[in-house]
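Undergrad:
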Amino acid sequence: MSSTALHYLPEIEERALRELLESWRAEFPQMGVLALLPEAEMEAVARVQGVCSRLDVPLAGALFPALVEGNAFRVRGAWLLRFDVMPYMALYPDLPEGPEQVEAAVDAIAGDVASHLGAERELTLFMLFDAMVPNIATLLDELYLRLANRVHYMGANAGSEAFKPMPCLFDTTRMIEHGMLALLLPSHPGAVLEHCYTAPAQTLTATSTAGNRILQIDWRPAFEVYREMARAHYGVEISRDNFYQYAVHFPFGIVRANGATLVRIPVVLEEDGSLFCVGEVPPNSLLTLLNAPAVDSERTVDMLVQGLSALSAAPAGQELLLFYCAGRRLHLGLEAAESELRLFAARSQAAQIAGALSLGEIGGATQWDYPLFHNATLVASPWGKRLP
Amino acid sequence: MGKALTMSREQEILTILYEMAMVVGGEVSVKPLLTKTLQRLLYFTSFPAGLVFLDPPVAAAGAETVEARLDAAVGDFDLGQRVGRMLTLPSALLSGEAHLREDAALLKVLSGDVKPYTAFLRLPIDGRGIILLLAPKAPQTDLPLTRIFEPVMENLAKAIMLCRDHEAYTSGLISQRDVAWAGLRKVNRALRTLSAGNEAVVRVQTEPELLNEMCRTLTEIGGYRMAWVCYAVNDERRSVRIMAQRGFDDGYLEGVQFSWADNELGQGPTGTAIRTGEMQIVRDVKAEARFAPWREGAVKRGYNSVLALPLKDGAGVTYGALTIDASDVEAFDEEEIRLMDDLVRDFSYGIGSLRDREERRRSEEELRQGLEDAIQAIASTVEMRDPYTAGHQRRVGDLAAAVATEMGLSAERIHGIRLAGTVHDVGKIGVPADILSKPGHLLDIEYGLIKLHPKIGYDILKDVKFPWPIAQIVLQHHERYDGSGYPVGLKGEQILLETRILTVADVIEAIFSFRPYRPGLGMDKAVEEIRSHRGTLYDPDVVDACMRVLQQNQFVFEQTTFGGLPAGARS
Numbered sequence: 007m008s009s010t011a012l013h014y015l016p017e018i019e020e021r022a023l024r025e026l027l028e029s030w031r032a033e034f035p036q037m038g039v040l041a042l043l044p045e046a047e048m049e050a051v052a053r054v055q056g057v058c059s060r061l062d063v064p065l066a067g068a069l070f071p072a073l074v075e076g077n078a079f080r081v082r083g084a085w086l087l088r089f090d091v092m093p094y095m096a097l098y099p100d101l102p103e104g105p106e107q108v109e110a111a112v113d114a115i116a117g118d119v120a121s122h123l124g125a126e127r128e129l130t131l132f133m134l135f136d137a138m139v140p141n142i143a144t145l146l147d148e149l150y151l152r153l154a155n156r157v158h159y160m161g162a163n164a165g166s167e168a169f170k171p172m173p174c175l176f177d178t179t180r181m182i183e184h185g186m187l188a189l190l191l192p193s194h195p196g197a198v199l200e201h202c203y204t205a206p207a208q209t210l211t212a213t214s215t216a217g218n219r220i221l222q223i224d225w226r227p228a229f230e231v232y233r234e235m236a237r238a239h240y241g242v243e244i245s246r247d248n249f250y251q252y253a254v255h256f257p258f259g260i261v262r263a264n265g266a267t268l269v270r271i272p273v274v275l276e277e278d279g280s281l282f283c284v285g286e287v288p289p290n291s292l293l294t295l296l297n298a299p300a301v302d303s304e305r306t307v308d309m310l311v312q313g314l315s316a317l318s319a320a321p322a323g324q325e326l327l328l329f330y331c332a333g334r335r336l337h338l339g340l341e342a343a344e345s346e347l348r349l350f351a352a353r354s355q356a357a358q359i360a361g362a363l364s365l366g367e368i369g370g371a372t373q374w375d376y377p378l379f380h381n382a383t384l385v386a387s388p389w390g391k392r393l394p
Numbered sequence: 052m053g054k055a056l057t058m059s060r061e062q063e064i065l066t067i068l069y070e071m072a073m074v075v076g077g078e079v080s081v082k083p084l085l086t087k088t089l090q091r092l093l094y095f096t097s098f099p100a101g102l103v104f105l106d107p108p109v110a111a112a113g114a115e116t117v118e119a120r121l122d123a124a125v126g127d128f129d130l131g132q133r134v135g136r137m138l139t140l141p142s143a144l145l146s147g148e149a150h151l152r153e154d155a156a157l158l159k160v161l162s163g164d165v166k167p168y169t170a171f172l173r174l175p176i177d178g179r180g181i182i183l184l185l186a187p188k189a190p191q192t193d194l195p196l197t198r199i200f201e202p203v204m205e206n207l208a209k210a211i212m213l214c215r216d217h218e219a220y221t222s223g224l225i226s227q228r229d230v231a232w233a234g235l236r237k238v239n240r241a242l243r244t245l246s247a248g249n250e251a252v253v254r255v256q257t258e259p260e261l262l263n264e265m266c267r268t269l270t271e272i273g274g275y276r277m278a279w280v281c282y283a284v285n286d287e288r289r290s291v292r293i294m295a296q297r298g299f300d301d302g303y304l305e306g307v308q309f310s311w312a313d314n315e316l317g318q319g320p321t322g323t324a325i326r327t328g329e330m331q332i333v334r335d336v337k338a339e340a341r342f343a344p345w346r347e348g349a350v351k352r353g354y355n356s357v358l359a360l361p362l363k364d365g366a367g368v369t370y371g372a373l374t375i376d377a378s379d380v381e382a383f384d385e386e387e388i389r390l391m392d393d394l395v396r397d398f399s400y401g402i403g404s405l406r407d408r409e410e411r412r413r414s415e416e417e418l419r420q421g422l423e424d425a426i427q428a429i430a431s432t433v434e435m436r437d438p439y440t441a442g443h444q445r446r447v448g449d450l451a452a453a454v455a456t457e458m459g460l461s462a463e464r465i466h467g468i469r470l471a472g473t474v475h476d477v478g479k480i481g482v483p484a485d486i487l488s489k490p491g492h493l494l495d496i497e498y499g500l501i502k503l504h505p506k507i508g509y510d511i512l513k514d515v516k517f518p519w520p521i522a523q524i525v526l527q528h529h530e531r532y533d534g535s536g537y538p539v540g541l542k543g544e545q546i547l548l549e550t551r552i553l554t555v556a557d558v559i560e561a562i563f564s565f566r567p568y569r570p571g572l573g574m575d576k577a578v579e580e581i582r583s584h585r586g587t588l589y590d591p592d593v594v595d596a597c598m599r600v601l602q603q604n605q606f607v608f609e610q611t612t613f614g615g616l617p618a619g620a621r622s
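Read top to bottom, the protein sequences are chains C and Y. Take the first sequence: its letter number 120 is residue 126 in the numbering used here, and every next letter is one higher. Take the second sequence: its letter number 189 is residue 240 in the numbering used here, and every next letter is one higher.
#1: Would you list the one or two residues that DSSP bridges to residue 173 (chain C)?
#2: What alpha helix (DSSP H) runs, 4 residues minimum, are completely inside the segment 51-131 of chain C?
#3: Please classify residue 163 (chain C) as buried or exposed, where buried requires at least 16 neighbouring CB atoms within 10 angstroms.
#4: Give me the Cα-Cα distance between residue 227 (chain C) and residue 217 (chain C), rounded to the nearest whole angstrom.
#5: Which chain C residues sit within Cβ distance under 9 Å of residue 175 (chain Y)?
#6: What's the gap between the Cα of residue 546 (chain Y) and the Cα of residue 255 (chain Y)?
#7: With H, G and I counted as helix, E and B as strand and the rest as coil, what does DSSP make of residue 581 (chain Y)?
#8: Buried or exposed for residue 45 (chain C), going by 16 or more other Cβ atoms inside 10 Å?
#9: Less than 7 Å between the beta carbons of residue 93 (chain C) and residue 221 (chain C), yes or no?
#10: What does the alpha-carbon distance come out to for the pair residue 176 (chain Y) and residue 175 (chain C)?
#11: Can you tell me which of C:70, C:138, C:81 and C:37 puts its alpha carbon nearest to the alpha carbon of residue 272 (chain C)?
#12: Measuring only the C-alpha atoms, how far is residue 166 (chain Y) from residue 187 (chain Y)?
#13: Looking at chain Y, which residues of the segment 127-161 of chain C have a Cβ within less than 9 Å of any of its Cβ atoms?
#14: Is residue 157 (chain Y) closer than 7 Å to residue 117 (chain Y) when the C-beta atoms are compared?
#15: Taking 7 Å as the cut-off, decide whether the C-beta atoms of residue 248 (chain Y) and residue 276 (chain Y) are in contact.
#16: Would you mind telling me which residues of chain C sit closer than 8 Å to residue 186 (chain Y), beta carbon to beta carbon, in chain order?
#17: Whose Cβ in chain C lies nearer than 8 Å to the Cβ of residue 166 (chain Y)?
#18: Quick one, are the C-beta atoms of residue 325 (chain C) and residue 390 (chain C) less than 7 Å apart?
#19: Quick one: what does DSSP say residue 504 (chain Y) is sitting in, helix, strand or coil?
#20: Going by Cα to Cα distance, which pick from Y:534, Y:535 and Y:551 is closest to residue 523 (chain Y)?
#21: Check whether the segment 190-210 of chain Y touches the segment 221-229 of chain Y, taking contact to mean three or more Cβ pairs, one atom from each stretch, closer than 8 Å.
#22: With 9 Å as the limit, tell me which residues of the segment 127-153 of chain Y have their beta carbon closer than that to any beta carbon of chain C; keep them in chain order.
#23: With 7 Å as the threshold, decide whether the Cβ of residue 63 (chain Y) is near any Cβ in chain C.
#24: If you drop the 5 nearest sequence neighbours on each side, which residues of the same chain put their C-beta closer than 7 Å to that of residue 90 (chain Y)?
#25: Could you name the residues that DSSP lists as bridge partners for residue 371 (chain Y)?
#26: Using a C-beta to C-beta distance shorter than 7 Å, which residues of chain Y count as neighbours of residue 288 (chain C)?
#27: Kindly indicate which three-state DSSP category residue 239 (chain Y) falls into: helix, strand or coil?
#28: Under the DSSP definition of a beta bridge, which residues are partnered with residue 531 (chain Y)?
#29: Please name the residue, chosen from Y:325, Y:398, Y:345 and Y:273, that lies closest to residue 303 (chain Y) on a Cα-to-Cα basis.
#30: For the ligand SAH, is there any heavy atom lying closer than 6 Å to the beta carbon of residue 333 (chain Y)?
#31: I'd like to know whether the C-beta of residue 195 (chain Y) is nearer than 7 Å to at least one C-beta of chain C.
#32: Under 7 Å, Cβ to Cβ, is there at least one residue of chain C near residue 90 (chain Y)?
#33: Leaving out five residues before and five after residue 244 (chain Y) in sequence, what residues of the same chain have Cβ atoms less than 7 Å from its Cβ?
#34: So is residue 337 (chain C) buried or exposed if we call it buried at 16+ other beta carbons inside 10 Å?
#35: Just verifying my parser: in three-state terms, what is the DSSP assignment at residue 277 (chain C)?
#36: Taking C-alpha atoms, which residue in Y:203, Y:135 and Y:78 lies nearest to residue 66 (chain Y)?
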């Protein structure tokens, strides 16, 4: 990409959209577009699809709670990210949950991807999931079993911040839910991911989980513990309505032997008192309850910038794609979150940063990490070539 | 990823060990056990790739490399393609205690062309194998990775052993299940054969047909390579006669000799089954000495085991054998043999029934023939006394049979009509011969005597047990459809259909043919007679059928000439 490949449209107006795409295509006849829209612009998806369809421009896209633009979160407008040459893309709706069906589905996905690998060794499998898919970590494990280090892995979860089911992934003609959008990016080094949550000395051990539900904490019903902690720390009574608002301050941590922690933010209080998380909690895993964890923003941003430098080159002057976890923003508060965005822009000295508020993130701390599904993180990746 | 928890090191390790223990304990097969264990190790350690080598050989002293089979790989696409193959690796990589080290040179053989591995964590599986975790850069950790997984590796070693035992056990069960399935399939095949055989026993009408059907059932439904039936011949050589054969023969039965004598050629399964009356099995054609005379031909045609079953009559006397040649060695198991034995018993019963039925049919035929001979004798007696009506009865019988055929009557009923025609005038034996052959008009008293002949005929025949109403037909044959006939004046349906047919034939023949008292009046006259009295004297349906017979030239009277005899009008 010789000119900027990231363009933010404050208003999704058909003419502006058409003019942008036509100008891009004049320079890149085989171009394609990744469109990121906030969920409030859901009705505009058809407009974007219509313009792309009429211009015969390949389109991949997703709806997120908000966009990241100009060091702030936007609930209007659209990001259009240009591929100079449209890479392989596929939409997989209605992903299954049963073990055998998962095997079959992942066989199909991995088979599709494998058939487009070619001789290129530096490829990234960029995945956007509907956040309502409950077994993303399993799907990721299974994909890694099949594709292993043949690709880098990066991705994020799309959907509604209210965790209401809705179609949130699309191409030129379709809009799907409960699925995945896969893009195989050639000559792409992957992404880095960081959260830098630190926990206070006092921890609780959680036990008894099933899929993406926490049934018990300290051998007591999960919700009982939650309610006590919220009362003790914030003096509030947790209800189903305010659950997500407070639960982001009590995410679960899955301890790993390299000292890193996987964060799982509970987002829904189920009827039976169990807690529904975005992202699976491994079966039988012992969890740590991160009681109001402190977030080291400086370190987070530094680690990201270092990671990006290690991926290819220093991010200065590059265009970047950034996913920022919605749960993290809720935990930090809007001001602190936007402060992190500003810090990241300053430290990275990126030419431009396009991104979205995500509902779960996929990646590793380094390029060759085992790919994992995270919450509470920032995922950053170079987009396109360095601008002149 | 940044430093996370400030929980105690013991707690951290405990959580990892707990989950690893659950993963290791949750599998029952080696392959998923190794895969899941590697996945969780990579998950916890951030190493991107892991390999498992089970039971690696001990490197020879001083050897720099060792050949080891790669049993599992996660996270490395190229190495994943080599699972199950032998890899030549530096001995230092697979030998020794748990070890975390950065050594790009040692890992060169495992590195791909994009990002070489520089660090590895070796975890011995307590004597069962080695796990190698690989990374382009050693993941940072404060935990003693070489030690914390020791309990996991101990458990993994036990789990591998248990999984192997379980797989062996399962494999044994599967093998047993397969054997059971194979047995079940055989029995099922035998049952289908038995069912088809029983159906044939009920359906088939003749013995050769049944024998052929038995062989067809065994080869086409039973799937056996060949089946054949032979009967014992009581000749000097105690030879056998092949009665039926189906399946792949390729000249086998013609090319070899069989006997049921107690000599070398009689020691085969077929001969022995006939001689002893006992079922004979050759489980492996190549192995049984007694099968030597037939072995070459049998093996060449793919017969590898043989079952011969004796065929016995109702008195238990063996008269032949059914021989089944199968493609497989040990093709006949106990249950299948039992069912085959049942099948042969059913066939033997069927053969016996067919023979009994044939015997009965032959007896009945003889009896019937005897009756018919008697009828013919009676008819001849009449005709000897009344040469002018000689042949009349036979011709009436023939025409009546033709009309009955045209009307669609059964063959049996037609035969009865023909016989009735042959003797219908038998009563004339009681009428003085001079009246019968008297030229010119008869006196009333003479005519009255002639009109007695149906009753006389009836009296002669009424006690003879015919399967047809011959006596009744004879009695009624001068009755007329409108009731104007004699001796009773029956009308319409009161008169037997057979009689109504016979009556029309009698009239046609009488008018057409010569009589001692007049010349033949010709077919036109005869036809005019029945047409003009259709529905009055004669049954209209019978008249119509008779017209069709005559018009369609389906019937031609045998020409008889009694020239010069005086004309008259007495049929």
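We put the CB at the ideal spot given by N, CA and C, even for glycine. Remember, predicted model here, so these are calculated numbers, not experimental data.
TA: Concretely, from the data shown:
#1: DSSP output for residue 173 (chain C) lists no bridge partner at all.
#2: List check, alpha helix (DSSP H) in window: 51-61 and 105-120.
#3: Result: buried.
#4: Those two C-alpha atoms are separated by around 16 Å.
#5: Proximity of chain C to residue 175 (chain Y) at the Cβ level (cut-off 9 Å) is not reached, the minimal Cβ distance being about 18 Å.
#6: Rounded to whole angstroms, residue 546 (chain Y) to residue 255 (chain Y) spans 40 Å at the Cα level.
#7: Note: residue 581 (chain Y) maps to helix in three-state DSSP.
#8: With 16 or more other Cβ atoms inside 10 Å of its own Cβ, residue 45 (chain C) counts as buried.
#9: Against a cut-off of 7 Å, the Cβ pair of residue 221 (chain C) and residue 93 (chain C) comes out as no contact.
#10: Going by the C-alpha atoms only, they are around 45 Å apart.
#11: Of the candidates C:70, C:138, C:81 and C:37, the one whose C-alpha sits nearest the C-alpha of residue 272 (chain C) is C:138.
#12: Cα to Cα, the separation comes out at about 6 Å.
#13: Answer in chain order: 127, 128, 147, 150, 151, 152, 153, 154, 155, 156 and 157.
#14: Against a cut-off of 7 Å, the Cβ pair of residue 157 (chain Y) and residue 117 (chain Y) comes out as no contact.
#15: With contacts defined by Cβ atoms closer than 7 Å, residue 248 (chain Y) and residue 276 (chain Y) do not form a contacting pair.
#16: For residue 186 (chain Y), the C-beta contacts it makes with chain C under 8 Å involve 374, in order along the chain.
#17: Per Cβ cutoff of 8 Å: 155, 373 and 374.
#18: Result yes, Cβ atoms of residue 325 (chain C) and residue 390 (chain C) sit closer than 7 Å.
#19: Here residue 504 (chain Y) sits in helix by DSSP.
#20: For residue 523 (chain Y), the nearest C-alpha among the options comes from Y:551.
#21: Taking a cut-off of 8 Å on C-beta distances, the segment 190-210 of chain Y does not touch the segment 221-229 of chain Y, as fewer than three cross pairs fall below it.
#22: From the segment 127-153 of chain Y, only 127, 128, 129, 130 and 131 have a Cβ closer than 9 Å to chain C.
#23: Using a Cβ-Cβ cut-off of 7 Å, residue 63 (chain Y) counts as an interface residue toward chain C, since at least one Cβ of chain C sits closer than that to its own.
#24: Excluding residues within five positions, the ones whose Cβ falls inside 7 Å are 125.
#25: Beta bridge pairing from DSSP links residue 371 (chain Y) with Y:282 and Y:362.
#26: In chain order: 70.
#27: Residue 239 (chain Y) falls in the helix class under three-state DSSP.
#28: According to DSSP, residue 531 (chain Y) bridges with nothing at all.
#29: The residue with the shortest Cα to Cα distance from residue 303 (chain Y) is Y:345.
#30: The ligand SAH is absent from the structure shown, which contains no ligand whatsoever.
#31: Interface with chain C (7 Å Cβ-Cβ cutoff): residue 195 (chain Y) is excluded.
#32: By this cut-off, residue 90 (chain Y) is an interface position.
#33: Within the same chain, and ignoring the five residues on either side of residue 244 (chain Y) in sequence, the residues whose Cβ sits closer than 7 Å to its Cβ are 268, 269, 272, 273 and 394.
#34: Its Cβ being crowded by 16 or more others within 10 Å, residue 337 (chain C) is buried.
#35: For residue 277 (chain C), the secondary structure class from DSSP, reduced to helix, strand or coil, is coil.
#36: Nearest of Y:203, Y:135 and Y:78 to residue 66 (chain Y), Cα basis: Y:203.
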